Amino acid sequence: MVSVLNRLHDRLGLRTTPSIFFLSAALVVVFTVAMGLFPGPVQGAFGAVAHVLRYETGWFYTFSVTALVVFALGLAVSRYGRVKIGDDDSLPAYSGLTWFGMLFAAGVGAILMFWGVAEPITHYANPPMYGTEAGSDRAAVEALNIANFHFGLHMWTILAVPGLAFGYFTYKRKLPPRVSSAFHPLLGDGIHGPWGKAIDILAIVATVFGLAVSVGMGSLQINSGLTYVYGVPVSGWVQAGIIAVITAVGLASVVAGMEKGVKRLSYANIVLAVALMLFVLMAGASMSTMRAIVESVGSYVNQLPTLAFFNDTHGNGEWSGDWTVFYWAWTVTWAPFVGMFVAKISRGRTIRQFVVGVLAVPSAFVAVWMAIYGYNAIRIDRAPETRGSLTDTIVTQGNPEAALFQFLGSMPWFAVTALVALVVITIFFITSIDSGALVMDAMANGHEDEAPRRQRVFWTLAVGAVCAAILLTAGENGLDALQEVIIVIGAPVMLLEVLQAVMLLQALRQDAGTARPMRTRQWKKVLPAEEYHRRAQEDTAAVSEFVIRPEYEVGTEPENDTHQPRTWHWQREQEGRPVYQLALTGGASSGKRTAAHAFEELGAVMLDSVQMWHELLEPGTATREEVDRIFGEQLGTGPAAPAADVSDALDELMARNETVRTRAHELLMPHMRETARRRAREAGPDAVMVQVLRDPLETEQHDRFDLVVAVAAPAEERVQRLREDEGVPADVAWDIVDRAPSEDETRDIADRVIVNDGDVAQVREQVRAIWEDEVLPVLQEDDPTEGQEHDGTVHARGTN
C-alpha cells in the first residue's frame, strides 16, 4: 500500500507525505461523492449522530471549553508563563502594535457579519435563561451576554490552546507543523507512525469541513444580500455559483502566488469592516450605543460563570445543543487553521503574552462589535415603526442570513452599505480559503517551505466541493445540514484539543526548569523522513541542520533550583530502569570489550551496541529494508547480503559522507535506543548495565546514562590490534583509526577515562577503581547490605 502511494505521489509530481495527503483526500472525495449519489442516507446518518452529540453529550463540549479557559489562564499566571514560544533568546518577529493589529485582524470575520444581528435578536425573542420574559429589558441584556459568550473568551480559547501547542511544538521543539506534533510527549517517535498520521488526517479533514461550512454560510448570506438589494432569487444553484466564484478567486490566488496581494486585500477588508461598524455606530443611537458597550462588558463578566456551565438542563439541552455545541464544534474545526496563524505571528513572545493577547484583543473587539450591532438591532426591533420586524425575519421565518441586510436597510445609504457588506463577506471567504489551503498543505507536508502549488489547488477545490455537495443536496435545509456535519466532525477534534492541553503541560514540565532566569531545552529542527530524504538527494538542499526524529541539544537540559520534577515522562523513563547504567565508548580496537568484561566480572550486565547494530541490519528486518531502499545503490550490497557486510559498507560510506552518516544514525539510532531500553528492563531494576557503544554519537542523549567511560589507547596500539586480531591491512587500519574521533574528542564526552596500553591487568584495576568510586556508592545507597561482599563484587544484581 505504501509503495503504491509513493509511486502515485512521484507520478503526480507532488512533494508531501503520501499517506497523509492521499488518505485525507480520499475521505474528502468519498464524502463528496456519497453526498452527491446518496444524499438522503448520508444526511440521515450525520443527522442521527449530530442529534446524540448535541443533546446527549453537549455537556462534554460545555465542560471541556470552560476547562480549557481555566487551563489557558492558569498557564499564563504560572511560572510557565515566562516560557517563550521559540528559542529562549528569540525576539518577537513583530512589534507590539503590529502584533495586536494582526490579532485584531484575526478577530474580524464573516462569522460576526452573519451572527452580529441574528444571534442577539434570536435570544432577545426566545431567551434561554430560566424565568426571563421574551422581549423584556432583561432579555435584551442577556442576549448581548450570550452573544459575547459565544464569540468572546471561550471561542478564542478554543483557538488559543491549539495555537499554543502549535507554537510550542513547532517553534520550541521544532517539530513538523502538524497537530500530531503536540502528542510527542505521549507518542514519542510515534508521531511519525500510524497514530500520528491518523491525528493529522483527522485535523486536515476537519479543517476542510470547517472552511466548507463557513463558505456555505457565507454563500447563504451573500445570496440573501443579493436578493435584498438586487432581487436575485434564493436557490441552491445561486449559492453553488457563489461558492464557485469564491473558490475560483481563491484558486487564482493559489495558482498566481498572490500571497502579498491577498494579504493586502485582507487588511483592506478589515478597514472596510471596521468602517461599516463605525457607520452603524454613528447612524444609530451613538450615545446609547456607547453606554451599551460599557454595560454589556460588565454584564458579560458578571454572568460569565453562569454561562460557562449553562447546559439548559430543564430544557433537555435543546438550546445549548442548537447554539453552544454548534459554535464550539465549528470553532474547533478552525483551530488548526487559526491556531497555526496566531502561533506563527507570536514567535518570540512568552506564553503569558500570547494568552493575554490572543484572548483579550479579539474578545474586546467582539464585545464592541456585538454591542454596536446587537444593541442597535434590538433598538430597531423595539421601535414603534419597525417593531418586531427583525424578530419576524430571523425567528418566525427562520431566515438569519437576511438579518444583516434588513438591519442595514433601516439606516441611510443602504445601497452603499449593503454593497460594502457583500464585499467584506466575499473577501473574507476568499482570503480564508486561500490561507486554509496553505495551512492544510503545510500539515500534509510536515514543513512550511513552499511546495508544488498543485497541492494547494487540490485543497482549495476540496473546500468548494464539500460545501457545494452539502448545500445542493440539502435544499431549503442548507444551514441545518451544514451544522449537523460540523458537529459530527468537531467531536473527535474537541477531544484531541483537550489532550493537546495535557500534552503541552507535560512538555513544559519536561523542558522548563525552576531556576531563574528560566531556561528550556533547545531542540533540533525536525523534518519528516520523506522530505529529509528528498533534500538529501538534491545538490542544492542542505540537511545538516535537520534531524528526522526529535532530539534536543546536549547541554540544554532544564535547570532546577530544588529538584528535578518527577513528571509522567520521567516516571516512564525510570520504569524498569536498571539501578545503574554505564556507557563504554572509544575508538576502534581501543579495548572497550576488555573493559566491559572486567565490569561483567564485578557483576554487571553487558549490552553490545555492535551486536544490536548487526541485528538491525539482518536480511528481512524492516530496518534493513529501509537501509537498502535509501542507501542500496551506494552500498553495492544486495538484499541478501550478510549484516556484517552491510555494516562494513555502511561504515565506509558514512566515513566519506557526513550526510549519509546523519541519515543512517537518524534511521537506526532510535531502534538502537529502544532495544537498549527493552533489554535494560529485561535485566531488571537491580541490574548494573554496561553498554558498549559503537559510536560516540550514541552518547548525545547523556541523560540515558549515569556515567560515560571512554577507553583510550595510543593510535599505534590500536592499529596493531586491528592487524593482529582482525587481519586488517596496515593502510586500512590506519584509515579506520584516522577516521574515528580523536582521543581528545573521546575524552571530552566522557566522565571517566580508562587508559588501555595493552596490559589487561591494568585495565581491570582501573575498572575496579571506577566501580568502587562510582557504582558501589549508588548500590549501597539503594541497599547497603544486599548481595555485597567484602571484595566489592555484586552477585545478586543482574545475570550474565
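Residue 800, in full-length UniProt numbering, is where the sequence shown stops; the numbers in between run on with no holes.
C-beta atoms are modelled at their ideal positions from N, C-alpha and C, and glycine is treated no differently.
Quick caveat: nothing in here was measured; it's all calculated off a predicted structure.
Status (buried if at least 16 other CB within 10 Å, exposed otherwise) for Trp237: exposed
Same chain only: Cβ atoms within 6 Å of Glu401, ignoring 5 sequence neighbours per side: Leu220, Gln221, Ser224
Beta strand (DSSP E) segment containing Val605, residue limits: 605-608
Distance, Met370 Cα to Arg264 Cα: About 26 Å.
Beta-bridge pairing of Gly520 - partner residues as DSSP gives them: It is Thr, not Gly, that sits at residue 520 in the sequence shown. Per DSSP, Ala512.
Reference Phe414; option with closest CA among Leu276, Arg387, Pro39: Leu276
Closest residue to Gly603 among Val775, Asp449, Pro729, Leu251 (Cα-Cα distance): Checked all of Val775, Asp449, Pro729, Leu251; the closest Cα to Gly603 is Val775.
Through-space distance from Pro670 to Glu551, alpha-carbon basis: As the crow flies, the alpha-carbon of Glu551 is around 10 Å from that of Pro670.
Same chain, Cβ closer than 6 Å to Gly131, neighbours up to 5 away in sequence not counted: The beta carbon of Gly131 is closer than 6 Å to none in its chain, skipping five residues each way along the sequence.
Local conformation of Tyr94 per DSSP, three classes: coil
Pick from Ala769, Trp459, Arg718, Val728 that is closest to Gly758, judged by C-alpha positions: Arg718
At least three beta-carbon pairs within less than 8 Å, the segment 493-505 to the segment 272-289: no
Alpha-carbon spacing of Thr313 relative to Met129, whole angstroms: 11 Å
Which of helix, strand or coil DSSP assigns to Lys592: helix
Top-ranked residue by Cα proximity to Pro120, from Glu385, Asn145, Trp99: Asn145
Pairwise C-alpha distance: Asp381 and Thr391: Straight-line Cα distance between these residues: approximately 7 Å.
Burial state of Arg349 (16 or more Cβ within 10 Å): buried
Contact the segment 289-304 vs the segment 414-424: 3+ CB pairs below 8 Å: no
Collapsed DSSP secondary structure at Gln455 in the structure displayed: helix
In DSSP terms, what residue 823 is bridged to: Not covered by the structure: residue 823. The range shown for the chain is 1 to 800.
Simplified DSSP state of Lys525, which is helix, strand or coil: The answer is strand: DSSP assigns Lys525 an E or B state.
Which listed residue (Gly339, Phe149, Ile487) has its alpha carbon closest to that of Val49: Ile487
His597 versus Pro162 - alpha carbon distance: 52 Å
Expected contact under 8 Å - CB spacing of Ala583 and Val778 to nearest Å: Between the beta-carbon of Ala583 and that of Val778 there is about 15 Å, and that puts the pair past the 8 Å contact cut.
N- and C-terminal bounds of the beta strand (DSSP E) containing Ile630: That residue, Ile630, is in no beta strand (DSSP E); its alpha helix (DSSP H) goes 622-635.
Val692 vs Tyr580 beta-carbon contact at 8 Å: no
Given 8 Å, three or more beta-carbon pairs between the segment 164-182 and the segment 191-205: yes
Trp328 beta carbon near the ligand GTP (any heavy atom closer than 7 Å): Absence of the ligand GTP from the depicted structure is noted, as is the absence of any ligand whatsoever, leaving it without description.
Span separating the alpha-carbon of Gly218 from that of Ala481: 14 Å
8 Å Cβ shell around Phe22 - same chain, five flanking residues per side excluded: Leu5, Leu8, His9
Beta-carbon spacing of Val77, Thr520 below 8 Å: Judged by their CB atoms, Val77 and Thr520 are not nearer to each other than the 8 Å cut-off.
Residue interval of the alpha helix (DSSP H) (run including Ile199): Bounds of the alpha helix (DSSP H) holding Ile199 are 194-230.
Residues near Asn445 by beta carbon distance below 6 Å, same chain, minus five either side: Thr16, Ala451
Beta-carbon proximity of Ser346 to Ile85, cut-off 8 Å: The answer is yes: Cβ separation under 8 Å.
Buried or exposed by the 16-neighbour rule on C-beta atoms within 10 Å, applied to Glu633: exposed
When Ile425, Ser299, Gly339, Trp323 are compared against Asn269, the one with the closest alpha-carbon: Of Ile425, Ser299, Gly339, Trp323, the residue nearest in Cα terms is Ile425.
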